[in-house]
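Scroll down for the structure; my scribbles are underneath it.
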Amino acid sequence: MSKMQGKVALVSGGAEGIGAAVARLIVAEGGSVMLGDVQLDKAQALAAELGERAAATHLDVRDLTQWEAAVAVTQARFGKLTVLCNIAGISEPGTITDGTLDVWQRTIDINLHGPFYGMRTAIPAMVASGEKCAIVNIGSMIALRPASFVAAYSASKTGLRGLTQSAALDCAEKGLPIRVNMVHPGAIRTPMYERYQFSGADTPENIEANFAATHPMNRIGEPDEVARAVVFLASDDASFTTGCDLTVDGGGSIRS
Ligand SMILES: NC(=O)c1ccc[n+]([C@@H]2O[C@H](COP(=O)([O-])OP(=O)(O)OC[C@H]3O[C@@H](n4cnc5c(N)ncnc54)[C@H](O)[C@@H]3O)[C@@H](O)[C@H]2O)c1
Numbered sequence: 099m100s101k102m103q104g105k106v107a108l109v110s111g112g113a114e115g116i117g118a119a120v121a122r123l124i125v126a127e128g129g130s131v132m133l134g135d136v137q138l139d140k141a142q143a144l145a146a147e148l149g150e151r152a153a154a155t156h157l158d159v160r161d162l163t164q165w166e167a168a169v170a171v172t173q174a175r176f177g178k179l180t181v182l183c184n185i186a187g188i189s190e191p192g193t194i195t196d197g198t199l200d201v202w203q204r205t206i207d208i209n210l211h212g213p214f215y216g217m218r219t220a221i222p223a224m225v226a227s228g229e230k231c232a233i234v235n236i237g238s239m240i241a242l243r244p245a246s247f248v249a250a251y252s253a254s255k256t257g258l259r260g261l262t263q264s265a266a267l268d269c270a271e272k273g274l275p276i277r278v279n280m281v282h283p284g285a286i287r288t289p290m291y292e293r294y295q296f297s298g299a300d301t302p303e304n305i306e307a308n309f310a311a312t313h314p315m316n317r318i319g320e321p322d323e324v325a326r327a328v329v330f331l332a333s334d335d336a337s338f339t340t341g342c343d344l345t346v347d348g349g350g351s352i353r354s
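Residue numbers (our numbering): 99 to 354.
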């Protein structure tokens, strides 16, 4: 269990859900992790549980100056930054005509501007580390197969896919030792999913069955299944992989 030995990661959205699973696995694989989240109490509690190689800082990904502070605090605590996992994200319903402008703005701010600010801030710090570095952005199967009723979310995740590929090309063509990749989850059992499952829109059992049915493997995924894909791309195991789309969606993005 030493895939992440010597790596120092900043994980946005690390307080719970997929981000927390990624943080746990990075530490289990020998790396160090700074959890950046708006839920500082939860991030601090997880960091305390993970021990010396974990710490937490307040980070609202919508704010470039908070990214600068989070990168600086990571370098101060662990000596460098070599991995960025852009995991913080929100999903709120709405079509182009009935979704509110607030939903549009908030979704684009968190899901697209957030990773943009994160990469913009992290890349110079990664270059300064002088080591092999990696960025992993979380998309969604919706980035590969946009869906109805989630216009802002579809736009944010397809936009992030373009940004990821641009960043991968920029880094590779400039000869920077930074790979940039994307993981696309299907429906994953996290607080985000459970907020919808228990929203009262239908019975939790029907919601689960309907989500499962959109995945050919006919089930919901677990956070650790996504974390393993993220850690693979963050580690040197993926040394010749950049700009890729790695799906963790039970076949959801290729269903007919
Ligand atoms: N759960 C799913 O079914 C699913 C499917 C596909 C993609 N995703 C994506 O995976 C990522 C994680 O989702 P999740 O299910 O773990 O969500 P979650 O809601 O369970 O956890 C999200 C975390 O991000 C944090 N966060 C929210 N806004 C933030 C902000 N402005 N700044 C910093 N942190 C912020 C939250 O506090 C929370 O800790 C998201 O990008 C989401 O779009 C999730």
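Don't be surprised by glycine CBs; every beta carbon is placed ideally from N, CA and C.
Computed from a predicted model, the values in this text were never measured in an experiment.
Asked                                                                                                                                                                    : Found
In chain order, what residues of the same chain have a beta carbon less than 6 Å from the beta carbon of Ile194, not counting five sequence neighbours either side?      : Ala249
Per DSSP, which one or two residues make a beta bridge with Val363?                                                                                                      : With the chain represented from 99 up to 354, any question about residue 363 goes unanswered, as that position is not in the structure.
Between the alpha carbons of Leu133 and Ala307, how many angstroms are there, rounded?                                                                                   : 33 Å
Starting from Gly62, follow the beta strand (DSSP E) in both directions and report where the run begins and ends.                                                        : Residue coverage of the chain in this structure runs from 99 to 354, which leaves residue 62 outside it and unanswerable.
Report yes if the C-beta of Tyr294 is less than 6 Å from at least one heavy atom of ligand 3; otherwise report no.                                                       : Of the ligands this structure carries, namely ligand 1, none is ligand 3.
From what residue to what residue does the beta strand (DSSP E) around Ser227 run?                                                                                       : Where Ser227 is concerned, there is no enclosing beta strand (DSSP E), although the alpha helix (DSSP H) it sits in stretches over 212-227.
Go through the segment 152-210 residue by residue and report every complete run of the alpha helix (DSSP H) that reaches 4 residues or more, in order.                   : 162-176, 199-206
Out of curiosity, what's the CA-to-CA distance linking Gly192 and Gly104?                                                                                                : 43 Å
Helix, strand or coil for Val254? Go by DSSP, reduced to three states.                                                                                                   : The residue asked about is misnamed: residue 254 is Ser in this sequence, not Val. In this structure, Ser254 counts as helix in the three-state DSSP scheme.
What separation, rounded to the nearest whole angstrom, lies between the Cα atoms of Arg122 and Ala270?                                                                  : 29 Å
What is the residue span of the alpha helix (DSSP H) that Arg122 lies within?                                                                                            : 115-126
Residues in its own chain within less than 7 Å of Ala223 by CB, not counting five upstream and five downstream?                                                          : Val169, Gln173, Leu179
Evaluate Phe309 with the Cβ neighbour count: other Cβ atoms within 10 Å of its Cβ, from every protein chain shown; 16 or more gives buried, anything less gives exposed. : buried
Roughly how many whole angstroms lie between the Cα atoms of Glu127 and Thr198?                                                                                          : 42 Å
Hey, could you find the ends of the beta strand (DSSP E) Asn235 is sitting in?                                                                                           : 231-236
Put Asp343 into one of helix, strand or coil per three-state DSSP.                                                                                                       : strand
Just checking Pro373 against ligand 1 - is the residue's beta carbon closer than 6 Å to any of the ligand's heavy atoms?                                                 : Within the shown structure, residues of the chain are numbered from 99 to 354, placing residue 373 beyond reach of any answer.
Taking buried to mean at least 16 other C-beta atoms within 10 Å of its own C-beta, is Asn209 buried or exposed?                                                         : buried
Is there at least one non-hydrogen atom of ligand 1 closer than 6 Å to the beta-carbon of Asp161?                                                                        : no
For Ser297, does the three-state DSSP call read helix, strand or coil?                                                                                                   : coil
Measuring straight from C-alpha to C-alpha, what distance separates Ala327 and Val106?                                                                                   : 17 Å
DSSP three-state label for Leu274, please.                                                                                                                               : coil
Considering only residues of the same chain and omitting the five flanking positions on each side of Gly117, which have a CB-CB separation below 8 Å?                    : Val109, Ser110, Gly111, Leu133, Asp135, Cys183, Ile185, Ala186
Tell me Ser110's beta-bridge partners as DSSP assigns them.                                                                                                              : Gly134, Asn184
Near Leu344, which residues of its chain fall below 6 Å by C-beta distance, leaving aside the five closest residues on each side in sequence?                            : Val281, Ala327
Return the chain-ordered list of same chain residues with a C-beta closer than 7 Å to the C-beta of Phe214, the five sequence neighbours on each side being excluded.    : Leu261
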